[in-house]
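Residue numbers (my numbering), protein chains in the order written: chain A, 12 to 408; chain B, 12 to 408.
There are 2 protein chains.
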Amino acid sequence: MRYAPLTQAIQGETVDAWDIHFKATSLKERDPSVIILSIGDPEFDTPTTVIDTAIEGLRSGDTHYVEIEGRDNLRSKIAEQHQIKCAQQVTKDNVILLAGAQNALFASSMCILEPGDEAIVLQPMYVTYEACIQLTGAKLIPVAMDKENNFCLDVEALEQAITDKTKAIFFATPNNPTGVMLNKQELQLIADLAIKHDLWVVSDEVYSHTIFEGEHVSIAGLENMAERTITLNSLSKSHAMTGWRVGWAIGPTELIGHLSNLSLCMLYGLPGFIQQAAYTALTDTDALADSESMRLSYLRRRDRLLKCFQQHPKLSCITPQASMFLLVNVSQTGLSSQEFAEALFEQQKIGVLPAAAFGQCASDFIRISYVVDDKQLEDACNRIDSFMQQFSLAECS
Amino acid sequence: MRYAPLTQAIQGETVDAWDIHFKATSLKERDPSVIILSIGDPEFDTPTTVIDTAIEGLRSGDTHYVEIEGRDNLRSKIAEQHQIKCAQQVTKDNVILLAGAQNALFASSMCILEPGDEAIVLQPMYVTYEACIQLTGAKLIPVAMDKENNFCLDVEALEQAITDKTKAIFFATPNNPTGVMLNKQELQLIADLAIKHDLWVVSDEVYSHTIFEGEHVSIAGLENMAERTITLNSLSKSHAMTGWRVGWAIGPTELIGHLSNLSLCMLYGLPGFIQQAAYTALTDTDALADSESMRLSYLRRRDRLLKCFQQHPKLSCITPQASMFLLVNVSQTGLSSQEFAEALFEQQKIGVLPAAAFGQCASDFIRISYVVDDKQLEDACNRIDSFMQQFSLAECS
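So this is what it looks like as structure tokens:
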């Protein structure tokens, strides 16, 4: 049977990168000593009050169709919190609830990109950007961040990548996998280019609640950017709610109208009991305290990992300002990142991700997710220390 | 800002049809005597054991990422039940879980249709088909069912509509809004044409659990049809779980692979606690008994409405074999279906849907959803009787 060409556009070439992760999760079913540091799924439970609200919603019969865009109280709360954080004037009419930031990225791409367009994405980038952009018929133009300089913005490379076909610039800040945030000066440079060339900006800010140092800035809050910016966010990372599939897009009301039409034929709304739970996540004191406690745990774990890697001269790290990921440059070991990750799994039963999946500029790196508890992380650090001994020995021989 | 042309393709023209529904739901907030018969959302609660399972899942921490295609046990159970019902040999590898049959229709359209294609849809059709097909760049070719003959298949019209651009035939059986099922002979005629012209068939069977008379036949079970058929189904109607957003597509393994790639960048899986609840819906004795009890309620209500309408010579009905909808031809009243629906709302505070939204061939009809309890339905019948008096009087004057 004949399939649409779109099916080719969504066949990611980065699937191989997950091989070690799949091997590790498979082995862990038989061998609990396996440590999985290869996926961005917090091991924390969803805050109890959020769970309780969902249960109340289920028990009270909130299981019927709901408003396609999401409920007014939830959209208003999202707008209110975005406005406080990002200095962009918004109301509920600038917000649509979708099934995770992933779904919001997908839907936003569909509403702004078309065949013939070029969409610039700052690399490293999360692996699903490729499919989301290519399925619209647009061409993805990667622009590498400056890996020699802590993956900060290479504004010259960005400017050179813009052509008369460019329709949008996509990026994540804080970034997955680097954990680096774009600062206000960098965002202003992007904004200037977007305004000059009349481009959309899609800003994925799902890690903006998990910041260790520095200030998160939303490009939508910069002058004249609100009309051309789509901000994506979710509860997945901030509240350990990856499986709930709750996210949103914030943008011009006309865009929200188009996204709403799309959601009508794509999703038909999110479950009401999940929307109630999401409102609790954003407003309940205990839920917010749980979220803050998670952030502090990530900070503690990041520092433990940094301490570990800094002991090994053949490894060097990008210090993440945010998120739950650490990029480690393994090129000085003489192994490729794929070989390093395979050896670490074979010898020490630790699953990490070769970061080439996130873009060529990250190919010297492995990505480590610090989503296990302190005890397991300590164990992982010890195993990494053991693993690294072979490289010291090689140096002496 | 410039939007993708797709945003035009998803701007349904049928939105006006919902005006009365929106007015009615708005008035009902102030006036509980309003009766809403304009939407297909069962008033039943989700079966208790299904709710309980979701709660257990939430409490046990089943709130993390899950397999993109859905869990093996759930997909296996869906495959097993489909095979028993439809005589098509399938395994879990022929099944993907998606966020409702709506999402499955959307995703299936994206994987098989492309610009330049024509997709035939048997009319009347549910309102979101238009957007799902048009957003792929394909052209929707409506083929009217034979309204003079209880909306059965007009095979000549179907054959004439097929061109060398035709890629697929879409239909719903049982149909929304007619409640009519395609019988085995009709499905064989469609199958013959699909095989002759090498076409996909997308069969939306979400009402196949709510059948009053006759036997539901799945076209996928007919000879040589499995390789070219996508069967859509969900728990929304069978278990009063509209708000849960659980549906699936069943088709060739290659299609499921493409749908899985699409779901990776579109949804990233359904909540685990919802998947647990879905498994209970399909297997638990009490949940299945609840579902059967709902079916019997719909049957009782259908018969009550038929009795009501048959008393009024200026109205004629299509007797639904299935579903929760009744089409009533109002053309003999001298009013258009829009005028009739408006007058019924203004005079009797009953919200019904002018059926033109489902296709030109249904424009003489209103659609009545029998999704209210017996007491309200009795009240509605009495009000309809009162409403119809003016037309009898007009005849005598």
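By construction, the Cβ of each residue, glycine as well, lies at the ideal position given by its N, Cα and C atoms.
Among the options, nearest to residue i - alpha-carbon criterion
i, options, result
"S245(A)", "L116(A), N160(A), N393(A) and E350(A)", "L116(A)"
"R82(A)", "A289(A), E170(A) and K176(A)", "A289(A)"
"C328(A)", "C319(A), L338(A), S334(A) and Q322(A)", "L338(A)"
"I267(A)", "M121(A), Y309(A) and A300(A)", "M121(A)"
"I241(B)", "L17(B), H93(B) and T64(B)", "H93(B)"
"A35(A)", "M277(A), F356(A) and Y218(A)", "F356(A)"
"G370(A)", "P331(A), Q134(A), Y140(A) and T330(A)", "Q134(A)"
"A225(B)", "P331(B), S49(B) and F55(B)", "Just to set this straight, residue 225(B) is Gly in the shown sequence, not Ala. Closest option to G225(B), Cα to Cα, is P331(B)."
"A130(B)", "V138(B), T139(B) and Q145(B)", "Q145(B)"
"N187(A)", "L317(A), D390(A) and D215(A)", "D215(A)"
"M156(B)", "C372(B), G232(B), I206(B) and G51(B)", "C372(B)"
"D384(A)", "R312(A), Q321(A) and I79(A)", "R312(A)"
"D209(A)", "E80(A), T174(A), P126(A) and C163(A)", "T174(A)"
"S49(A)", "V382(A), I230(A) and A202(A)", "V382(A)"
"V228(A)", "Q196(A), N235(A) and G258(A)", "Q196(A)"
"A367(A)", "Q19(A), D30(A), A15(A) and I21(A)", "D30(A)"
"A172(B)", "E159(B), F162(B) and V154(B)", "V154(B)"
Cβ-Cβ distance between residue i and residue j below 8 angstroms
i, j, result
"L275(A)", "A260(A)", "no"
"V132(B)", "L109(B)", "no"
"T177(B)", "Y309(B)", "no"
"I89(A)", "W211(A)", "no"
"V166(B)", "L193(B)", "no"
"G74(A)", "G254(B)", "Checking the sequence shown, residue 74(A) turns out to be Thr, not Gly. In contact: T74(A) and G254(B) (Cβ atoms closer than 8 angstroms)."
"Y140(B)", "F181(B)", "yes"
"M305(A)", "G51(A)", "no"
"K325(B)", "T344(B)", "yes"
"S119(B)", "V257(B)", "no"
"I107(B)", "E78(B)", "no"
"I62(A)", "L69(B)", "yes"
"I21(A)", "A142(A)", "yes"
"V138(A)", "C163(A)", "no"
"A112(A)", "Q287(A)", "no"
"C392(A)", "L316(A)", "yes"
"E265(B)", "P16(A)", "no"
heavy atom of the ligand SAH below 7 angstroms from residue i C-beta
i, result
"F223(B)", "The ligand SAH is absent from the structure shown, which contains no ligands of any kind."
Interface residues of chain A facing residue i [CB-CB closer than 7 angstroms]
i, result
"T57(B)", "T74"
"R41(B)", "The contacting residues do not exist; R41(B) stays about 17 angstroms from chain A at best."
"A15(B)", "M121, C122, I123, L124, E125 and T147"
Partners in chain A for residue i, counting only beta-carbon separations shorter than 8 angstroms
i, result
"N272(B)", "T18, I21, Q22, G23 and A142"
"W255(B)", "T74 and P282"
"V382(B)", "Within chain A, no residue comes near V382(B); the closest Cβ sits about 10 angstroms away, beyond 8 angstroms."
"T82(B)", "Looking at the sequence shown, residue 82(B) is not Thr but Arg. Residues of chain A passing the Cβ test: none, with the nearest at roughly 12 angstroms."
8 angstroms Cβ cut-off: residues of chain B touching residue i
i, result
"M252(A)", "T74"
"L388(A)", "Those within 8 angstroms of L388(A) in chain B number zero; the least Cβ separation is about 18 angstroms."
"L38(A)", "In chain order: nothing, as chain B lies at least about 17 angstroms away."
Under 7 angstroms from the C-beta of residue i: neighbouring residues of chain B
i, result
"V77(A)", "G254"
Closer than 9 angstroms at the beta carbon, the chain B residues around residue i
i, result
"D52(A)", "H75 and Y76"
"L355(A)", "Here the premise fails: no neighbours, minimum Cβ distance about 22 angstroms."
Proximal residues of chain A, C-beta to C-beta of residue i below 9 angstroms
i, result
"D70(B)", "The sequence given here has Arg at residue 70(B), not Asp. Ordered by position in chain A, the residues that pass the 9 angstroms Cβ test against R70(B) are I62 and I66."
"A410(B)", "There is simply no residue 410(B) to check, as chain B begins at 12 and stops at 408 in what is shown."
"L278(B)", "A110, G111, Q113, N114, F117, R256 and L278"
"L169(B)", "The contacting residues do not exist; L169(B) stays about 20 angstroms from chain A at best."
"L48(B)", "Neighbours of L48(B) on chain A: none; closest Cβ ~15 angstroms, over 9 angstroms."
"L204(B)", "Those do not exist, as L204(B) stays about 15 angstroms from chain A at its closest Cβ, beyond 9 angstroms."
(request) Decide if the region 385-403 of chain B is in contact with the region 78-94 of chain B; the criterion is three or more beta carbon pairs, one per stretch, under 8 angstroms apart. (result) no
(message) Counting beta carbon pairs with one atom in the region 348-363 of chain B and one in the region 40-59 of chain B, are three or more of them shorter than 8 angstroms?
(response) yes
(message) For the region 109-142 of chain A, list every residue whose C-beta sits within 7 angstroms of some C-beta in chain B, in sequence order.
(response) A110, G111, Q113, N114, F117, M121, C122, I123, L124, E125, T139 and A142
(request) Flag this pair as touching only if the region 234-252 of chain A and the region 289-300 of chain A have three or more C-beta atom pairs under 8 angstroms; answer yes or no. (result) yes
(request) Can you give me, in chain order, the residues of the region 289-317 of chain B that have a beta carbon less than 8 angstroms from any beta carbon in chain E? (result) In summary, chain E is missing from the structure at hand, where the protein chains are A and B.
(message) To be precise: take each residue of the region 147-166 of chain A, compare its Cβ to all Cβ atoms of chain B, and keep it if any distance is under 7 angstroms. Which residues remain?
(response) T147
(request) Please name the residues in the region 229-248 of chain A whose beta-carbon is closer than 8 angstroms to at least one beta-carbon of chain B, in chain order. (result) Answer set for the region 229-248 of chain A: E238 and R239.
(request) Could you please tell me which residues of the region 209-227 of chain A, in chain order, have their CB closer than 7 angstroms to any CB of chain B? (result) W211
(request) For the region 259-270 of chain A, enumerate the residues whose C-beta is nearer than 8 angstroms to any C-beta of chain B, in chain order. (result) Residues P263, E265, L266 and H269.
(message) Under 8 angstroms, CB to CB, which of the residues in the region 325-344 of chain A have a partner in chain B?
(response) Listed by position along the chain: nothing, the set is empty.
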